[in-house]
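Participant:
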Amino acid sequence: KNQVEQSPQSLIILEGKNCTLQCNYTVSPFSNLRWYKQDTGRGPVSLTIMTFSENTKSNGRYTATLDADTKQSSLHITASQLSDSASYICVVTDPFSGGYNKLIFGAGTRLAVHP
Amino acid sequence: GAGVSQSPRYKVAKRGQDVALRCDPISGHVSLFWYQQALGQGPEFLTYFQNEAQLDKSGLPSDRFFAERPEGSVSTLKIQRTQQEDSAVYLCASSPVAGVGNEQFFGPGTRLTVL
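Chains as they are written, first to last, in our numbering: chain P, 1 to 115; chain C, 1 to 115.
(1) Evaluate contact between the stretch 88 to 99 of chain C and the stretch 28 to 46 of chain C, counting only Cβ atoms and requiring at least three cross-stretch pairs below 8 Å.
(2) Just to confirm my understanding: we take ARG9(C), look at its own chain, exclude 5 residues before and 5 after, and list those with CB closer than 8 Å. What are they?
(3) Give the DSSP-derived three-state secondary structure of LEU82(P) in the structure shown.
(4) How long is the line joining the alpha carbons of ALA107(P) and GLU71(C), rounded to whole angstroms?
(5) Return the CA-CA distance between LEU55(C) and SER7(P), expressed in angstroms with no decimal places.
(6) May I have the straight-line CA-CA distance separating SER77(P) from VAL45(P), to the nearest angstrom?
(7) Closer than 8 Å by C-beta to GLN3(P): which residues in its own chain qualify, once you throw out the five before and the five after it? Chain order, please.
(8) Alpha carbons only, please: which of SER7(C), VAL12(C), PHE105(C), PHE66(C) is nearest the one belonging to LEU115(C)?
(9) Using only alpha-carbon positions, find the residue among LEU21(P), SER10(P), GLN38(P), LYS17(P) that is nearest to ALA79(P).
(10) What is the DSSP secondary structure of GLN41(C), counted as helix, strand or coil?
(11) Report yes if the CB atom of LEU21(P) is closer than 7 Å to the CB atom of LEU66(P), and no otherwise.
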């Protein structure tokens, strides 16, 4: 069973609109949760990172929320731009990685922003 | 260069051939990770180096996969007797220090296609 599940798998929105992407995780105990943006043909780039004690983190038009009790996170994108078209991946640190940053990735949500 | 670089960017191999994928991490970065990303999926952990020491190779799918980082900088991922199921993007990431919570910087990946 996947330890990090994301929804929806894909999403199409019009330029200028807002959207919210969801992430549910089962990894426990919890260290930190990240959201990455991956453009086609490129490596992932970090957007936000939150520890279990944080419940929101913003980076420009991107706002991530975290509910450690329900093990849910969301990424909200406001005023979308064409350049937001990419895959957005939710990532949790493996708690049993022995002190280094072993990451567990979700499958991602593929977002397409249309003019 | 300022970022993580990988070469080649694309590799086509006939089934049974050996391949070698190179990763040049950001200069001075202690930690280096290799990931495998199947089409439409998130990256999956393969192996981790701290300087020249390979501390975790639990994600390597078979003994046909071998990774090294002999001088604690450049790393090579070698796949022997390639199979069609090895077709994927192989991502390398580096981090300035060891430890949980540190940022990982990803390269653009090598797309391997096994015919």
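We treat Cβ as the ideally placed atom computed from N, Cα and C, and that holds for glycine.
Quantities reported herein were computed from a predicted structural model and do not represent experimental measurements.
Facilitator: Looking at the atomic coordinates:
(1) Yes, since at least three Cβ pairs between the stretch 88 to 99 of chain C and the stretch 28 to 46 of chain C fall closer than 8 Å, the two stretches touch.
(2) To locate residue 9(C), count along the second sequence from 1; it is residue 9. The answer, listed in chain order, is PRO108, GLY109, THR110, ARG111.
(3) As a working mapping, residue 82(P) is identified with position 82 in the first sequence. Of the three classes helix, strand and coil, the one that applies to LEU82(P) here is helix, per DSSP.
(4) Sequence index remark: in the first sequence, residue 107(P) carries index 107 (1-based). Sequence index remark: in the second sequence, residue 71(C) carries index 71 (1-based). Rounded to whole angstroms, the separation of the alpha carbons of GLU71(C) and ALA107(P) is 33 Å.
(5) Walking along the second sequence from the start, residue 55(C) turns up at place 55. Walking along the first sequence from the start, residue 7(P) turns up at place 7. Distance between the alpha carbons of LEU55(C) and SER7(P) is about 33 Å.
(6) Along the first sequence, one-based indexing puts residue 77(P) at 77. Along the first sequence, one-based indexing puts residue 45(P) at 45. A small fix is needed here, since residue 77(P) is Ile in this sequence, not Ser. C-alpha separation (whole angstroms): 16 Å.
(7) On the first sequence, position 3 is the one that residue 3(P) refers to. Excluding sequence neighbours, GLN3(P) sits near TYR25, THR26, VAL27, VAL92, ILE104.
(8) Counting from 1 along the second sequence, the entry for residue 115(C) is found at position 115. Each of SER7(C), VAL12(C), PHE105(C), PHE66(C) was checked against the Cα of LEU115(C), and the nearest Cα belongs to VAL12(C).
(9) To locate residue 79(P), count along the first sequence from 1; it is residue 79. Between ALA79(P) and the set LEU21(P), SER10(P), GLN38(P), LYS17(P), the nearest pair of CA atoms involves LYS17(P).
(10) For the purposes of this step, residue 41(C) is taken as residue 41 along the second sequence, with counting starting at 1. It is coil, neither helix nor strand.
(11) Counted from its first residue, the first sequence places residue 21(P) at position 21. Counted from its first residue, the first sequence places residue 66(P) at position 66. Going by beta carbons, LEU21(P) and LEU66(P) fall outside the 7 Å limit.
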